[in-house]
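In what follows, a single structure is set out as structure tokens and then discussed.
Residue numbers (my numbering): 169 to 377.
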């Protein structure tokens with residue numbers, strides 16, 4: 169089972185803005201028996217991975233979190249939230265899975281809400297993408313989003329259909345849910361499709377987190 173742990177990243181030592189605090193309050197409201205773990209400079213070794221070190225030194229903290237979220241899920245298991253994710257419904261129904269995420273749109277997987285058991289082979293596959301990968305290539309930042317990276321890996325190794333429909337990664341109990349579950353606000357149009365199935369809302373704060 170997926171343990172009752174919530175992981176989030178906060179690198180850069182800045183104060184948390186109101187939206188972040190409000191979202192964390194929503195986690196406490198609906199997931200009151202979950203342990204919340206903040207990953208930051210005090211409990212993660214920035215120098216453990218060259219991609220992370222380069223992104224951190226460049227103050228591109230969103231890309232630091234791209235790696236650290238996978239590290240946290242692989243090491244400890246639980247549910248990862250971006251700090252602009254609001255929880256609106258209890259998440260216990262997903263804990264019996266090996267892992268889960270959703271679609272951000274019909275053709276991209278969402279990475280703002282992800283859950284996994286510890287030592288998941290699927291999370292390890294995603295984590296291994298960053299082995300020896302550099303954030304700075306030819307003096308330029310590699311700003312490829314993790315949604316693109318993870319979607320492409322899912323497509324290559326698990327042949328997912330990019331149709332926004334509920335499906336499991338081939339031969340696993342790792343489920344990808346429709347947009348309405350975890351990311352009901354469209355990134356471009358801002359149109360919301362909130363239903364009885366909506367458990368989290370990604371507010372697309374467009375900051376590093």
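Virtual Cβ for every residue (Gly too), placed ideally from N, Cα, C. Remember, predicted model here, so these are calculated numbers, not experimental data.
Around the C-beta of residue i, are 16 or more other C-beta atoms found within 10 angstroms, so that it is buried, or is it exposed?
i, result
"residue 308", "exposed"
"residue 302", "exposed"
Report the three-state DSSP secondary structure of residue i (helix, strand or coil).
i, result
"residue 219", "helix"
"residue 254", "strand"
"residue 312", "coil"
"residue 361", "coil"
"residue 291", "helix"
"residue 376", "Only weak support is given to the placement of residue 376: the predicted model assigns it a pLDDT of 44, under 50, and the question is left unresolved by the model."
Please report the straight-line C-alpha distance between residue i and residue j, rounded to a whole angstrom.
i, j, result
"residue 275", "residue 351", "13 Å"
"residue 247", "residue 228", "23 Å"
"residue 304", "residue 319", "22 Å"
"residue 377", "residue 261", "For residue 377, the predicted model reports a pLDDT of 39, less than 50, meaning its position is unreliable; a value from the coordinates is still stated below. Taking the straight line joining both Cα atoms gives about 26 Å."
"residue 186", "residue 195", "14 Å"
"residue 310", "residue 316", "12 Å"
Over the uninterrupted beta strand (DSSP E) stretch that includes residue i, give me the two end residues.
i, result
"residue 186", "Not the beta strand (DSSP E): residue 186 falls in the alpha helix (DSSP H), residues 186 to 198."
"residue 285", "Residue 285 -> no beta strand (DSSP E), and no H or E assigned at all."
"residue 176", "173 to 177"
Return the first residue and the last residue of the alpha helix (DSSP H) that residue i is part of.
i, result
"residue 273", "Premise fails: residue 273 lies in the beta strand (DSSP E), 267 to 273, not in any alpha helix (DSSP H)."
"residue 239", "229 to 244"
"residue 347", "347 to 350"
* Asked: Are the region 336 to 346 and the region 264 to 282 touching, with three or more C-beta to C-beta distances below 8 Å?
  -> yes
* Asked: So does the region 185 to 192 actually touch the region 207 to 217, counting three or more Cβ pairs closer than 8 Å?
  -> Too few Cβ pairs lie closer than 8 Å, so no.
* Asked: Is there contact here, the region 311 to 328 with the region 274 to 288, by at least three beta-carbon pairs under 8 Å?
  -> yes
* Asked: Hey, is the region 253 to 260 in contact with the region 359 to 370, meaning 3+ C-beta pairs nearer than 8 Å?
  -> yes
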